[in-house]
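Numbering follows my numbering, in which position 15 of the sequence shown is assigned residue number 0; successive positions increment by one, without gaps. Inspection log for the structure reproduced underneath, given as structure tokens.
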Amino acid sequence: MDTFLLYCSRNMEDEYEKFIRRMNPPRVVIDNESCKNATVIQVDSVNRHGILLEVVQVLTDLNFVFTKAYISSDGGWFMDVFNVTDQDGNKITEEEVLDYIQKALGSETSFTTSVDSVGLTSSTDHTVIELIGSDRPGLLSELCAVLTHLKCNVLNGEVWTHNTRAASVMQVTDEESGLAIMDPEKLSVIKKMLCNVLKGSNKSNEAKTVVSRGATHTERRLHQMMFADRDYERPHEGCSESQKPDVKVVNWYDKDYSVVTIRCKDRPKLLFDTICTLTDMEYVVFHGNVDAEGPEAHQEYCIRHIDGFPVNSEAERQRVIQCLEAAIERRVSEGLKLELCTTDRVGLLSDVTRIFRENSLTVTRAEVATRAGKAMNTFYVGDASGYPIDPRIIESIRNEIGQTILKVKGNPSQNPQESPNRFLFGGLFKSKSFCNFGIVRSYS
């Protein structure tokens, strides 16, 4: 009887919270006048756990750059103020984009649903394959070769590597039907063969393959997968002290908060990565300030665990620090940026990446997209031996591919810095099967 009454009480609380949210939908104000060099977006709403991440996620998915942010959610209401620009540092002025922001943030039902797990859901568009295992050179080539052998077409996906571990989320279709893979037997074979590749010759290595149908936020899911894999506990091999983010956690006893401060080199999506990690670790951000107008980003958050308590032990403090460091490092990858834009054709990626390989260039990151018959691809490359890239090699490659097709962004003599053990991308294009792999989200 007590259990039944508790169940009814919780249901009544949930319905009351839903009613309050319906009566008080989020209010969005977009201001292009008050700040000289940024668009100011203010969101006011009834407070609930996870709403901060959902707001940040919407703006991050639009590839906005956050220059400043102010967060306040102490009590039943929260207010966020974000100063944002586009990738070129300009204000957001396109009416279509401004309308989308209003619709996406101004309606409670428009927020992206938080994804805590991935299971089988009804969808006929594509099949989602999640992979996690030990990283090694050429791993992605092997995985793509298996998928190609099994007549699977990779539509898009992302791969992250950190502290000797590799994680990937891919959307694939059946090559013949162009739709999600529905045959249970084929799905079972896919899982088994991919898992065998992830394990390699060492069968004791932890590896996991999950196949599902439905939608998921790829970058959020990758954070969750690597967090669950405890990549943060492994030694930061190859990462110098100067490259490591500076993360501190102290308790503010007068206010019963823990204060998290983060200083590191600024980059796009940094705010999403830190807020995503705190949310998935079940911490609530009550107040926050973010300043990223210079080359260094400074973030400060007043947090408590979802149970209402601040960080209450040295072990918990160290875990928060380690997890935030890992969240920042997972996405780090630098190199000479090459942009390719041309009419798409079968084998284009294979040809281009073969030329890179023949000229001793290693692809450290790739973003591949095809829109309206056009291939718009971005590659981050470094010298395979770790030396600065010879500008003459770049010019030779451009002559072979086409000066107007392949453009250089940055200094060819700059020595790229890679995140630790980024083996997956080192062997990324050794298999022709990768020509179907699309990394469509931009994270630079």
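Where a beta carbon is used, it is the ideal one built from N, C-alpha and C, also for glycine. Here the structure is a predicted model, which means the values were calculated and not measured.
Item                                                                                                                                   : Value
Residues near residue 94 in its chain [Cβ-Cβ closer than 8 Å; skip 5 each side]                                                        : A caution first: residue 94 carries a pLDDT of 45, below 50, which makes its placement in the model unreliable, though a value can still be read off. Cβ within range, chain order: n/a, list empty.
Where residue 203 sits in the DSSP three-state scheme                                                                                  : helix
Cβ pair count under 8 Å reaching 3, the segment 320 to 329 against the segment 279 to 286                                              : no
Among 87, 231 and 206, the one whose alpha carbon lies nearest that of residue 250                                                     : 231
For residue 454, the first and last residue of its enclosing beta strand (DSSP E)                                                      : In the structure as shown, the chain begins at -14 and stops at 429. Residue 454 is therefore absent and cannot be evaluated.
Given residue 54 as reference, the closest of 324, 193 and 277 once Cα atoms are compared                                              : 277
Contacts around residue 257, its chain only, beta-carbon distance under 6 Å, and the 5 residues preceding and following it disregarded : 41 and 45
Which listed residue (288, 117, 306 and 134) has its alpha carbon closest to that of residue 229                                       : 306
Length at least 4, wholly inside the segment 286 to 343: the alpha helix (DSSP H) runs in chain order                                  : 299 to 314 and 333 to 343
Neighbourhood of residue 160 by C-beta distance below 8 Å, restricted to the same chain and skipping five residues each side           : 136, 137 and 138
Boundaries of the beta strand (DSSP E) in which residue 389 is found, first to last residue                                            : Careful: residue 389 lies outside any beta strand (DSSP E) and carries neither H nor E.
Cα-Cα separation between residue 150 and residue 19, rounded to whole angstroms                                                        : 45 Å
Segment limits, alpha helix (DSSP H) that includes residue 183                                                                         : 169 to 184
Residue 384 - DSSP class collapsed to helix/strand/coil                                                                                : helix
For residue 201 and residue 11, the rounded distance between their alpha carbons                                                       : 23 Å
DSSP-derived helix/strand/coil call for residue 249                                                                                    : strand
Nonlocal neighbours in the same chain, by C-beta distance under 6 Å from residue 152, ignoring five residues either side               : 117, 145, 207, 210 and 211
With 16 other Cβ atoms within 10 Å as the buried cut-off, status of residue 34                                                         : exposed
Burial state of residue 156, where buried means 16 or more other Cβ atoms lie within 10 Å                                              : buried
Residue 176 and residue 196 closer than 7 Å at C-beta                                                                                  : yes
Whole-number beta carbon distance between residue 26 and residue 69, since they are thought to touch under 8 Å                         : 6 Å
C-beta contact flag for residue 311 and residue 216 at 7 Å                                                                             : yes
Helix, strand or coil at residue 34 [DSSP, three-state]                                                                                : coil
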